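So the protein sequences, as listed, match chains D and P. Under this note's numbering, the residues of the first sequence are numbered 1 to 605, in order. Under this note's numbering, the residues of the second sequence are numbered 606 to 1210, in order. Glycine included, C-beta positions come from ideal geometry on N, C-alpha and C. Keep in mind that this is a model prediction, so the values were computed, not measured.
2 protein chains.
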Amino acid sequence: MVFSNNLNAGSGNDAPPEDFSEEFPEILPFLRRQARGFCDKSTLLKRLPILNWLPKYQLNYLFSDFVAGLTVGLTAIPQGIAYAVVAGLEPQYGLYSGFMGCFMYFIFGSCKDITIGPTAIMSLMVAHYVTASPDYAVLSCFLSGVLILLLGILNLGFLVQFISIPVTAGFTSAAAITIASTQLKSLFGLPGQANDFIEAWSNFFRHIHDIKLWDTILGITTVIFLLALKKVGTVQRWRMFNRYLSLSRNALAVIGGTVLAYLLFTLNNEKPFTLTGNVASGLPPFRLPPFTTTVGNQTVSFGEMIQTLGSGIVAIPMVSILESVAVAKAFSKGKTIDATQEMIALGLCNIMGSFVLSMPITGSFTRTAVNNTSGVRTTFGGVFTGCLILLALGFLAQTFYFIPKTTLAAVILAAMFSMVEYELLFKLWRTRRIEVVPFMVTLMSCLILGLEYGIVIGVAVNLLFVLYITARPNTDHNVRKIMDTETLILTPDQSLVFSAAENFKYKVLKYTLNAPNTIHLIIVNGHYVQSIDVTVAMNLNSLVADLKLLGKSIVFWNWPRQAVGLAWRLSPEFGALFKRNDNIEDLVKLWNHDKPDYINGVICN
Amino acid sequence: MVFSNNLNAGSGNDAPPEDFSEEFPEILPFLRRQARGFCDKSTLLKRLPILNWLPKYQLNYLFSDFVAGLTVGLTAIPQGIAYAVVAGLEPQYGLYSGFMGCFMYFIFGSCKDITIGPTAIMSLMVAHYVTASPDYAVLSCFLSGVLILLLGILNLGFLVQFISIPVTAGFTSAAAITIASTQLKSLFGLPGQANDFIEAWSNFFRHIHDIKLWDTILGITTVIFLLALKKVGTVQRWRMFNRYLSLSRNALAVIGGTVLAYLLFTLNNEKPFTLTGNVASGLPPFRLPPFTTTVGNQTVSFGEMIQTLGSGIVAIPMVSILESVAVAKAFSKGKTIDATQEMIALGLCNIMGSFVLSMPITGSFTRTAVNNTSGVRTTFGGVFTGCLILLALGFLAQTFYFIPKTTLAAVILAAMFSMVEYELLFKLWRTRRIEVVPFMVTLMSCLILGLEYGIVIGVAVNLLFVLYITARPNTDHNVRKIMDTETLILTPDQSLVFSAAENFKYKVLKYTLNAPNTIHLIIVNGHYVQSIDVTVAMNLNSLVADLKLLGKSIVFWNWPRQAVGLAWRLSPEFGALFKRNDNIEDLVKLWNHDKPDYINGVICN
């Protein structure tokens, strides 16, 4: 206790620092950036990417874009019809949703491969709301678009960064499993409802005796056919042929099934399969999205529609962004993605889509992969895809009558196999087992409670990990008694936030009390601390008082300017206990060479 | 690009580390501690603190405990009646709630000053549920007790640490303002309902013409009297007399008001004040808490009662713990509090209380202060308080008829003045302005949406601060180009978690692209990183690939063992880029002396 009087009196060889620099340095510039994002000169080129690439467009790009666009279209048509069925909408809605995204993304999209349209997850998420009227799907598309556009303009896309890879993977896997489960019904030709995982399986077991033989045979054959053709794409011999065969497998399966059903009907007048039935012919009207609707004979107001959509108003656009960003990341190959532009494009796709009876749309993983593999050069390819869908709507609608439902179910099922993230689960297990927890929590809650709640729960659980880490700075590795002195050095290994305040105070007291006779000075080394808050400061201040009662002294050494300023403003006596020393070498000397005289010099001056 | 081949090939002079030590080192020992907490030998003394102090009890303690116990009792009786009125219960419930806590805490309490009983905040929180039947308050007391006991046994009291000082202060201030607002009605003798802040003020302005003159005069006089007597306690002359005068001010005010009302009635047959009215005489029955109840003629089942209580089932015990811990901290004076024991005691107080028709109870700030100032020595003082309340129930119930309601309102109002945390608000403004945000958010949401939701919103907003900080490690301060080399050193200033992964990758790319011709090697210094997760690792891995496309190399230097292990398990090529170097001096040399040869030596080996 040689120097304790000296210390507590605050004789301060360090003057109170002049620079009371606030932390959160990024908040103001951040807001300014958000506001400025739309004012500077290069903005036009950034916001209308078409102005970038169209002047440089070469004729030989056209062939690549044409082939890719058609190939994507051949996938988009059967998938669109299938996803409309997943959503519980009439089949034509899947095609209505398919073309506007292509045209808008052609102008506003910044990533050549991405194709925007209906996806399995979006369809599943919207399925809850459309039981009464398809207008809910269209309104939800419009609202999603507005929200995505808004988030894009405000640069708030970074919110997606709070969704970690395990949570994303858990969500995607759960979505794939759910979607696959809902297809059992069509695959086996069963009656009943199957909108979510539990309903789908209970429906399956309830109607297990109603399984239709021919639906089942055709469905399972188609799944095997699709999986086989997928493999064919990787065969080296006749590479180009195999690749295009593989890429058009969905179209081939649907055409095959349809021709089969059509021939059986016209030749034998047999209908062994459950068929898609009437698909309304012609293009959708171009009109305002439905802000009111009619269910039965009752008019439903905008407010009531909003109430029905409920949490979906936020969940659908968030998942839409998430899916689209995930796709963009996968295909950006080292180019940084302009997330803001992607969100603006996606928002506009949805808003304009809602004028042509589209359901919510986003970047499709399968079709983007097809686009990429087919060698697309610019977003111009999407125009061909869009035109093909429009042609199908105009001239092929009657043909769609004969598409067997089980074939569509098979197309979806085959796509879902690769969406379940077994590999990532194994990787997590091998590399960092604790992260299997957020994966499984997300997966299970998505399956049991539904996708919207599931992802929220997953993110929350995952953030608890972060909160736990910040609340428990580790000091155990970093307690050293300096040889031949009565001094203990403690080094918390990270910044201190309010949730860590109590615990840290408690630990310092514990270390002190465990060596009551030998230790009289505690040095808390703030080397790893970047900032503290008032709760921490007040706890440290009460720690000073507690130690005084025990007859010990404490010094805060090498803490950041922000902490020192905060301490001085709280009370000058407390502030005087902070001895700043920016030279890292002095600290190292202290650690390695154990020079007690040196400490005395610094502290007692 | 001299050494890039060497680097990317993963020629690894560092072998993959043997020790794949998981982080979250504290989780297993933590669970073990939780489980063990009740098995070792010193537990009995810890869990029954009475066994600690009773053997050492001295006779001269008895007088101190007796005086303090009676003084607290004189505060507890008027406050109890007043708080029962706040809760919307009949006055005797306040007294029923007052005594059991004293007796239980006598046995299980570890902090001599604390008195457990009804408090203003608890009464306000329970007020929403008792409109149908007081049984809801009693059931809520039982359930709170069970939950608190459970959290205590599981050592989960640390959850309270996630509530920072600004949020606590905002909550307390809002509670005080709300409670004061609800008293306006009684203070001015107005009719109507006033259960929350908004209702109280709209009721006040609606009935402003119904103000009763005599109620108002007596009420305001009493408030002034109470505030004056509070000041008297600090006067030095006749110090002891002043102190006891000050301590018994609540009792004096109530006795004065009651005598006045009684005299006016018996002498002049006048009733100028709104009176408390009949208080049921006698002790409450000792019986099981009500698991079913009857409202009107209908029996309400346990399930329905639970539904009615809703979020209160969690909110009431959490606030109860918070209030009790805050009181314990304020009076522990350098002793560390055994939070587990405090929660066990509080839980038992509530459980046993529910057998005698108590509403939820917790540590009372006012009465604990009175207890402390009156010089209590052990928790034995509580026994005298409890007995005094029982006596009052048995023999004074008739007298309570004449207590003017405005006097009780004045007692509460006077207590609320000191509960609003102006001082802390000023302190926050002076020391760290950003923390006014959680304070004000909590305050406003408590006032507008109610206390339960308010505190949840406050905590959530406050945790967003933490999440924001962890998501944005600062590298801007720590980018250095090593002189005469093509090398850039980047040092993130904290651990990297998944929410920071994207942003960090983006920043490294930005720095690299801003200096495309001169920089060919990026060294990321992991000195401040304690651990990383899979999301971060995979982003860093894709950063490696992106930089390779740009023709740059990257090396991760001085990262913790955990990060290196994770990287190796993810992929050996990636793991080989981690060059561990624990000697801080080497790094310092690098920073200060700029020795490029040295770097080459380390990296290319």
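Check whether chain P comes within 9 Å of residue i, counting only Cβ atoms and requiring the distance to be less than that.
i                     : result
residue 132 (chain D) : no
residue 525 (chain D) : no
residue 475 (chain D) : no
residue 21 (chain D)  : The predicted model places residue 21 (chain D) with a pLDDT of 37, which falls under 50 and marks its position as unreliable; any figure quoted below should be read in that light. Chain P, which has no Cβ nearer than 9 Å to the Cβ of residue 21 (chain D), makes this no.
residue 431 (chain D) : yes
Tell me, please, whether the CB atom of residue i is closer than 9 Å to any CB atom in chain D?
i                     : result
residue 909 (chain P) : no
residue 892 (chain P) : no
residue 970 (chain P) : no
List, in order along the chain, the chain P residues whose C-beta lies closer than 8 Å to that of residue i?
i                     : result
residue 493 (chain D) : 1135
residue 428 (chain D) : 1139
Cβ of residue i within 9 Å of Cβ of residue j?
i                      : j                      : result
residue 1071 (chain P) : residue 529 (chain D)  : no
residue 988 (chain P)  : residue 693 (chain P)  : no
residue 817 (chain P)  : residue 863 (chain P)  : no
residue 624 (chain D)  : residue 253 (chain D)  : Residue 624 (chain D) is absent from the model: chain D starts at 1 and stops at 605.
residue 491 (chain D)  : residue 519 (chain D)  : no
residue 772 (chain P)  : residue 1039 (chain P) : no
residue 577 (chain D)  : residue 532 (chain D)  : no
residue 350 (chain D)  : residue 320 (chain D)  : yes
residue 117 (chain D)  : residue 367 (chain D)  : yes
residue 718 (chain P)  : residue 977 (chain P)  : yes
residue 959 (chain P)  : residue 691 (chain P)  : no
residue 1020 (chain P) : residue 737 (chain P)  : no
Determine the burial state of residue i: buried for a count of at least 16 other Cβ atoms within 10 Å of its Cβ, exposed for fewer.
i                      : result
residue 661 (chain P)  : exposed
residue 430 (chain D)  : exposed
residue 1140 (chain P) : buried
residue 229 (chain D)  : buried
residue 928 (chain P)  : buried
residue 502 (chain D)  : buried
residue 60 (chain D)   : exposed
residue 266 (chain D)  : exposed
residue 441 (chain D)  : buried
residue 43 (chain D)   : exposed
residue 664 (chain D)  : For residue 664 (chain D) there is no data in the structure shown, the boundaries of chain D being 1 and 605.
residue 270 (chain D)  : exposed
residue 917 (chain P)  : buried
residue 92 (chain D)   : buried
At 7 Å on the CB atoms, spell out the chain D contacts of residue i, in chain order.
i                      : result
residue 1040 (chain P) : 533 and 534
residue 1075 (chain P) : 466 and 470
For residue i, which residues in chain P fall below 9 Å Cβ to Cβ?
i                     : result
residue 463 (chain D) : 1068, 1072 and 1104
What residues of chain D sit near residue i, judged by a beta carbon separation below 8 Å?
i                     : result
residue 652 (chain P) : Near residue 652 (chain P) there are no residues of chain D at all, since even the closest Cβ is about 20 Å away, more than 8 Å.
- Which residues, in chain order, does the segment 530-541 of chain D contribute to contact with chain P at a C-beta distance below 8 Å? Cβ contacts with chain P come from 530, 531, 533, 534, 535, 537 and 538.
Using a Cβ-Cβ cutoff of 8 Å, what residues of the segment 551-580 of chain D are near chain P? List them in chain order.
From the segment 551-580 of chain D, only 566, 569 and 570 have a Cβ closer than 8 Å to chain P.
What residues in the segment 500-511 of chain D have a beta carbon less than 9 Å from any beta carbon of chain P?
Residues of the segment 500-511 of chain D with a C-beta atom less than 9 Å from some C-beta of chain P are 500, 501, 502, 503, 505, 506, 509 and 510, listed in chain order.
So if I threshold CB-CB distances at 7 Å, which residues from the segment 764-778 of chain P count as touching chain D? So the close ones are 766, 767, 769, 770 and 771.
- Can you give me, in chain order, the residues of the segment 361-394 of chain D that have a beta carbon less than 8 Å from any beta carbon in chain P? Of all residues in the segment 361-394 of chain D, none has a Cβ within less than 8 Å of some Cβ in chain P.
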